[in-house]
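Undergrad: The sequence shown begins at 62 in my numbering and counts up one residue at a time.
Ideal Cβ positions, reconstructed from N, Cα and C, are used throughout, including at glycine.
Note that the coordinates shown come from a computational prediction; the quantities given were computed from them, not determined experimentally.
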Amino acid sequence: MSKEAILNKLSDAVVNGKPDLAKEGANEALTSKIDALDAINNGLVKGMSIVGDKYAARQVYLPQVLMSAHTMYAGLDILLPAIPKSAVADMKRCAVAVVEGDVHDIGKNIVKTMLTASGFDVTDLGKDVPTQTIVDFAKEKKLFAVALSTLMTPTMDCMKAAVDGLVESGYRKNVKVCIGGPPTSPEFAKEIGADHRDADAKDCASWLKEVA
C-alpha cells in the first residue's frame, strides 16, 4: 500500500467515524516506516480538519463530530508513542477544563479534539474543576494556554476566579486564557481579563495557532 493510500485511509477513517480503520491505518503507517507525525498531520488531522469545516458549515452535527474525534484518538493512541521525544517537547502545552460547578463537557471535549488536531499537547482536566487545580496545573506544567468553558451563567464567576488566581500566582503573563460557552461573550472575556472568547472549538484552535 502506498504512503498516499495509507494517509488517505487515515483521513477517510476520521471523516467517516471508523475507529477500527484508523487503528488499521495507523499500524500500516508504522509498518511502512511512515513518519508518525506525518501520519498524524497528513492523515488523522487532515480528516479532523475536514470534519471541523463541515461542522462549521452545519453539514454534519455533533454526534458525527464526536465519533470522528473518537476515531482520531484511536489512531493517535498508536501513533503518538512513535513520535520522537524531541518533537513532542517542541509542542506547546495546553489544558482544557469545565470550570467548577459545571458538569457539561461536550463543548470542552470538542475543543480538546480541535486543539490536538492543531498540533498542541493537550491535557484534559475534566469537568467541575476547582479553580486552584487550574492555576496550579498551569504554573507547574508551564502551560502555553488554558481553555475554560461553562454552559451555565452562575459558574461564569469561576472563570474570573481562574484568571485572578493566575494573576496572583504570578504566572498570568506566561499563559493565554481563552473562554467559551453560550453565556460568555467577548465583552465578558475582556471584563475578567481573559485573552479571547471562543465562538466555537475551531475558533479557539485558530486563535491559539495565530498567537503561538
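With a threshold of 7 Å (Cβ to nearest heavy atom), would Asp218 be considered close to the ligand GTP?
TA: In the structure on display, the ligand GTP does not appear, and there are no ligands present to speak of.
Undergrad: According to the neighbour-count rule (16 or more other Cβ atoms, all chains shown, within 10 Å of its Cβ), is Ala150 buried or exposed?
TA: Exposed.
Undergrad: Count Cβ pairs between the segment 66-85 and the segment 103-111 that sit closer than 8 Å; are there 3 or more?
TA: Here the segment 66-85 lies against the segment 103-111, with 3 or more beta-carbon pairs under 8 Å apart.
Undergrad: Mapping DSSP to helix, strand and coil, what is Leu209?
TA: strand
Undergrad: For Ser230, collect the residues of the same chain with a Cβ closer than 6 Å to its Cβ; drop the 5 residues on either side in sequence, then sort them by chain order.
TA: Val196, Lys200
Undergrad: Note the first and the last residue of the continuous beta strand (DSSP E) segment covering Leu186.
TA: 182-190
Undergrad: For Ser63 and Lys70, what's the separation of their Cα atoms in angstroms?
TA: 11 Å
Undergrad: Do three or more CB pairs link the segment 150-162 to the segment 119-132 at distances below 8 Å?
TA: no
Undergrad: Could you give the distance in angstroms between the alpha-carbon of Asp256 and the alpha-carbon of Ser93?
TA: 43 Å
Undergrad: Since I believe Val207 is in contact with Gly254 (beta carbons under 8 Å), could you give me their beta-carbon distance rounded to a whole number of angstroms?
TA: Wrong, their Cβ atoms sit about 13 Å apart, outside the cutoff.
Undergrad: Looking only at its chain, what residues have a beta carbon closer than 6 Å to the beta carbon of Tyr116, apart from the 5 residues adjacent to it on each side?
TA: Val126
Undergrad: Is DSSP giving Lys94 helix, strand or coil here?
TA: Reduced to three states, the DSSP call for Lys94 is coil.
Undergrad: Can you give me the C-alpha to C-alpha distance between Ser267 and Ser110, rounded to a whole angstrom?
TA: C-alpha separation (whole angstroms): 11 Å.
Undergrad: Looking at the strands, I want to know which residues DSSP matches up with Cys239.
TA: Ala208, His257
Undergrad: Who are the Cβ neighbours of Asp189 in its own chain at under 7 Å, not counting the five residues just before and after it?
TA: Answer for Asp189: Val159, Glu161, Gly162, Asp163, Val164, listed in chain order.
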